[in-house]
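See structure below.
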Amino acid sequence: MRKTFEPAPDPVIVFDNVQKTFNLRHARSLKQTVMAMVRRTDRFEAFNALDGVSFAVHPGESVAVLGRNGSGKSTTLKLLSGVLRPTAGNIYTMGRIAGLLEVGAGFHPDLTGRENVYLNAAILGMSEAETEARFDDILEFSEIGHFIDTEVKRYSSGMYARLGFSVAVHAEHDILLVDEVLSVGDAEFREKCNRKMSELQSMGKTMFIVSHSAEQVRKLCQRGIVLSHGNVIFDGPIDEAITAMQQKQR
Amino acid sequence: MARMREHTAAPVLEASHKPSKYTIPGASRWLLDVFRYRHLLSLLLKKGTTTRYYGSVLGWAWSYVKPAAQFFMYYFIFGKVLQIDKGVDLFPIYLFSGIVLLNFFNEATKAATNSITGNAALVKKIYLPRELFPVSAIGSAFIHFVPQIVLLFVVCLVFGWQFTWAGLISMLFAVVIVFVFTLGLGLFFGAINVAYRDAKNIIDVALMFSIWMSPVMYTHEMIRGVLPAWLYNVYLVNPMTVGVELFHGAFWGPLVSNPSAPDYLLTNTIAAMGITLGTLLIGQIVFRRLEGNFAQDL
Numbered sequence: 001m002r003k004t005f006e007p008a009p010d011p012v013i014v015f016d017n018v019q020k021t022f023n024l025r026h027a028r029s030l031k032q033t034v035m036a037m038v039r040r041t042d043r044f045e046a047f048n049a050l051d052g053v054s055f056a057v058h059p060g061e062s063v064a065v066l067g068r069n070g071s072g073k074s075t076t077l078k079l080l081s082g083v084l085r086p087t088a089g090n091i092y093t094m095g096r097i098a099g100l101l102e103v104g105a106g107f108h109p110d111l112t113g114r115e116n117v118y119l120n121a122a123i124l125g126m127s128e129a130e131t132e133a134r135f136d137d138i139l140e141f142s143e144i145g146h147f148i149d150t151e152v153k154r155y156s157s158g159m160y161a162r163l164g165f166s167v168a169v170h171a172e173h174d175i176l177l178v179d180e181v182l183s184v185g186d187a188e189f190r191e192k193c194n195r196k197m198s199e200l201q202s203m204g205k206t207m208f209i210v211s212h213s214a215e216q217v218r219k220l221c222q223r224g225i226v227l228s229h230g231n232v233i234f235d236g237p238i239d240e241a242i243t244a245m246q247q248k249q250r
Numbered sequence: 001m002a003r004m005r006e007h008t009a010a011p012v013l014e015a016s017h018k019p020s021k022y023t024i025p026g027a028s029r030w031l032l033d034v035f036r037y038r039h040l041l042s043l044l045l046k047k048g049t050t051t052r053y054y055g056s057v058l059g060w061a062w063s064y065v066k067p068a069a070q071f072f073m074y075y076f077i078f079g080k081v082l083q084i085d086k087g088v089d090l091f092p093i094y095l096f097s098g099i100v101l102l103n104f105f106n107e108a109t110k111a112a113t114n115s116i117t118g119n120a121a122l123v124k125k126i127y128l129p130r131e132l133f134p135v136s137a138i139g140s141a142f143i144h145f146v147p148q149i150v151l152l153f154v155v156c157l158v159f160g161w162q163f164t165w166a167g168l169i170s171m172l173f174a175v176v177i178v179f180v181f182t183l184g185l186g187l188f189f190g191a192i193n194v195a196y197r198d199a200k201n202i203i204d205v206a207l208m209f210s211i212w213m214s215p216v217m218y219t220h221e222m223i224r225g226v227l228p229a230w231l232y233n234v235y236l237v238n239p240m241t242v243g244v245e246l247f248h249g250a251f252w253g254p255l256v257s258n259p260s261a262p263d264y265l266l267t268n269t270i271a272a273m274g275i276t277l278g279t280l281l282i283g284q285i286v287f288r289r290l291e292g293n294f295a296q297d298l
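If you're matching them up, the sequences are chains Z and A in order.
Taking the working numbering, the leading residue of the first sequence gets 1, the next gets one more, and so forth.
Taking the working numbering, the leading residue of the second sequence gets 1, the next gets one more, and so forth.
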């Protein structure tokens, strides 16, 4: 928690009245589009995934975004990573952002583990020199060992996830986005992941975690933002946020 | 709820001006961003080359087998059976120099059109300048095209080809025109293909015609008599026609006594460059407009 006598640092993430509207397309092809135009039926149906969400995250904070399925959690994360753009409102970020969005999304099955580490690191915005400097750490953390020069399609799903997590967590970043990936690997590796995340936290990195599992985030985060139907219904200490979410569910 | 106010009322910035130290997620600088991601681009190209013939015994030999088989098929049917080679000296080289360039165009356009949908996992998960995908698709096709040019070059050397600056410049211009034209088409159809997969089929059909819409199998003189004058002119400024004619000038021209280049080839080249740049501009603008919806349409 920030001391009151320190000057408030500028936030690293700003969501300013962000709205995201999806057009649910009813016409799936050119033919259906033309048919809909002829019949004058609606080709689109608007749906607000986020409806005027505002918050600011300060450096070093670990924030959990909580909420039920369809509450807008993943949309928030995608907007933050830049994959989606807001319909209205503004989002600003400061510093490098790395996403743990579904580990191994950038893996190619026919490439070796080593080649995939370089490729995935580059996708996360790391330069060649940075990847080389961290390669040994990545390898050690992933516990892949000499399988690193085998094609990843021969990996077990646990190995695949471990390598993906390892690359992401070693990426050079100021803000780490995490999307329900703490469930990778066995219990031992999960424990290791949690330790690594705490370590990153103590280094002053900002973390932004999306989850619907209360127990996982209770240990990692100090602050929780609860979303419901695209609105912020609570923003405050994590324990109260979890209570607020559970009350909402009842 | 009091606590919530406290948090959100923390220094939320004025919406109207963005302080310079902040960035907006997903804001890109058009194609220029691709150069910022050179390292990633080189890895994507490497991925394209290493996985291309993964698991095949002959591997890169297929890059030669396929064009060679295609070449002999066309040579036999068009040269010998239909006897188009009457009056065209060294018809095999004429044919080969055009076909090599056309193959690059076809492969690159097709790959670029499918590049966004093919990388759906990445496009949906992580922000990268999306132009990277068509550019790397065309780059991979280009890497595949280089050994074919080398082969063509060696064959021409055997027939007594001699270096000229004009030849080299013609070849470079042809490659640049076709590359940029493909990039424009690839951005345009690649972006449309995300929402309407019809684009892929449109490109498939269009590429079927491409071999007839430039003087690869026949000479431009043969078509001059058939087309009305205005259509013939359109045909001549088509960037692929210009590219193929420049390739003929670079490789086949020096080997024969009277290479018949079309009149005003220089003017046509300039016009084709204009069309090419226009295509690129339109492709990029359409790509930009549709890019925001990629993640939700895939």
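No residue lacks a Cβ here, since even glycine has one placed at the ideal position from N, Cα and C.
Keep in mind it's a predicted model, so treat the numbers as computed, not measured.
- The segment 253-296 of chain A contains, as complete alpha helix (DSSP H) runs of 4+ residues, the segments 265-291 (chain order).
- Residue range 44-57 is occupied by the beta strand (DSSP E) that includes serine 54/Z.
- The alpha-carbon separation between leucine 255/A and tryptophan 161/A amounts to approximately 6 Å.
- By the C-beta criterion, the segment 198-205 of chain Z is judged not to be in contact with the segment 118-129 of chain Z, since fewer than 3 inter-stretch pairs fall below 8 Å.
- With a 10 Å radius around the Cβ and a threshold of 16 neighbouring Cβ atoms, glycine 72/Z comes out buried.
- In terms of beta-carbon proximity, alanine 168/Z stays away from the interface with chain A, with every pair separated by 8 Å or more.
- Across the structure, glycine 224/Z and glutamine 296/A are spaced so that their CA atoms are roughly 27 Å apart.
- Using a Cβ distance threshold of 8 Å, leucine 187/A and lysine 110/A do not count as a contacting pair.
- Within the same chain, Val57, His58, Pro59, Thr93, Met94, Gly95, Asp174, Ile175, Thr206 come within 8 Å of valine 12/Z by CB-CB distance, once the 5 residues on both sides are set aside.
- For aspartate 33/A, the CB contacts under 6 Å within the same chain, skipping 5 residues up- and downstream, are Pro129 in chain order.
- Nearest CB-CB separation between threonine 279/A and chain Z: not below the 8 Å threshold.
- Taken through DSSP and simplified to helix, strand or coil, glycine 236/Z comes out as strand.
- Only residues of its own chain outside the window of five on either side were considered, and among them Phe96, Ser97, Val100, Phe251 have a CB closer than 7 Å to the CB of leucine 152/A, listed in chain order.
- Not one beta carbon of chain Z lies nearer than 8 Å to the beta carbon of isoleucine 211/A.
- Considered as a whole, the segment 128-210 of chain Z harbours 128-142, 157-170, 187-202 as its complete alpha helix (DSSP H) runs of no fewer than 4 residues, in chain order.
- Where alanine 64/Z is concerned, the enclosing beta strand (DSSP E) starts and stops at 62-66.
- Residue-level contact check: aspartate 174/Z does not touch chain A, since none of the beta carbons of chain A fall below 8 Å from its beta carbon.
- By the C-beta criterion, the segment 274-282 of chain A is judged to be in contact with the segment 184-201 of chain A, since at least 3 inter-stretch pairs fall below 8 Å.
- Across the segment 132-147 of chain A, no CB contact with chain Z closer than 7 Å is found for any residue.
- Here valine 18/Z carries a strand assignment [DSSP, helix/strand/coil].
- For threonine 150/Z, the nearest beta carbon of chain A is not closer than 8 Å to its own beta carbon.
- Excluding five sequence positions before and after aspartate 110/Z, the CB atoms of its chain that fall closer than 8 Å to its own CB belong to Glu151, Lys153, given in chain order.
- For arginine 223/Z, the beta-bridge partners assigned by DSSP are Val63/Z, Pro237/Z.
- Taking all protein chains shown into account, isoleucine 242/Z has 16 or more neighbouring C-beta atoms within 10 Å of its C-beta and is therefore buried.
- Residue pairing by DSSP places leucine 40/A opposite no residue, since no beta bridge is assigned to it.
- In terms of Cα proximity to glycine 82/Z, the closest of Leu290/A, Ser28/A, Lys86/A is Ser28/A.
- By the 16-neighbour rule on beta-carbons within 10 angstroms, alanine 129/Z is exposed.
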